[in-house]
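Residue numbers (this note's numbering): 72 to 283.
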Amino acid sequence: MSQKYNNLMDIIYERKSVRKFDPAYKIDRATIDEMLTEATQAPSSSNLQSWRFMVIQDDETKKNIQKFSFNLQQIETSSALIAVIGDTEAYHNIDEIYHRNLEAGFIDQVNMERQISNAKALYPNAPFEARLNIANFDAGLISMQFMLIAKAKGLDTVCMGGFDKDQFAKQFGLDKRYVPLVLIALGKAAAPAYGSTRLPLEDLMLQPANNK
Ligand SMILES: Cc1cc2nc3c(=O)[nH]c(=O)nc-3n(C[C@H](O)[C@H](O)[C@H](O)COP(=O)(O)O)c2cc1C
């Protein structure tokens, strides 16, 4: 799929959450896979890439998700729903990820073994909540990246946390290690985004505490 925008600033300012898509607009799976592959260039904690995806395009499945979601219109009219799911056991891929770096010539054997041993000491022993927190953060980065990529291609998105995550996991038979985090509706806008403002930067600046 060709680019509509090339300038990153245009993409950043043009991306807005769209809540009504053209239901007749189809996006083929290869295009979505290409966008997801591009999105996976996002950084992640120790490069463990704890994001997992489900791509939902059929109406029947979308209807089922609507039953436990507060976002009826955007789900119904979207061309696809991307479920971004956190893998709280992404550490199972430690060996593969670091060996790939070795094969690509990015790291030598000694450093690879050191990194593998550090990662294996840290992640499997971390509490579930800590691993979920990491997966959540990684998912946020890849979701943002995906939404900007979609915008660059002239598509629109809305990120949604408003759905019953337990129901989602149940419906798709997800193992407990996989935690649904957000759904991203993807499609062609049929109505403009509501528009939204941002707080001025000075409201966002915290002053370092004076400990004297
Ligand atoms: C983690 C997250 C969850 C969100 N959940 C929902 C949602 O359930 N339904 C919805 O309509 N919008 C949802 N949004 C979209 C926000 O409301 C929207 O990003 C915000 O109002 C700013 O508007 P903009 O995206 O158009 O700039 C969510 C956004 C994020 C980042």
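Positions of the beta carbon are idealized from the N, C-alpha and C atoms, including for glycine.
Paired residues, beta bridge with residue i - DSSP
{"i": "residue 126", "result": "153"}
{"i": "residue 249", "result": "158"}
{"i": "residue 258", "result": "227"}
{"i": "residue 88", "result": "228"}
{"i": "residue 141", "result": "Note: residue 141 sits in no beta bridge, so no partner."}
With 16 other Cβ atoms within 10 Å as the buried cut-off, status of residue i
{"i": "residue 74", "result": "exposed"}
{"i": "residue 206", "result": "buried"}
{"i": "residue 210", "result": "buried"}
{"i": "residue 103", "result": "buried"}
{"i": "residue 202", "result": "buried"}
{"i": "residue 90", "result": "buried"}
{"i": "residue 275", "result": "exposed"}
{"i": "residue 81", "result": "exposed"}
heavy atom of ligand 1 below 7 angstroms from residue i C-beta
{"i": "residue 92", "result": "no"}
{"i": "residue 262", "result": "no"}
{"i": "residue 231", "result": "yes"}
{"i": "residue 142", "result": "yes"}
{"i": "residue 115", "result": "no"}
{"i": "residue 253", "result": "yes"}
{"i": "residue 87", "result": "yes"}
Endpoints, beta strand (DSSP E) assigned at residue i
{"i": "residue 99", "result": "Counting along the chain, residue 99 falls outside any beta strand (DSSP E), and DSSP gives it neither H nor E."}
Boundaries (first-last residue) of the alpha helix (DSSP H) holding residue i
{"i": "residue 269", "result": "Per DSSP, residue 269 belongs to no alpha helix (DSSP H) and is neither H nor E."}
{"i": "residue 240", "result": "236 to 242"}
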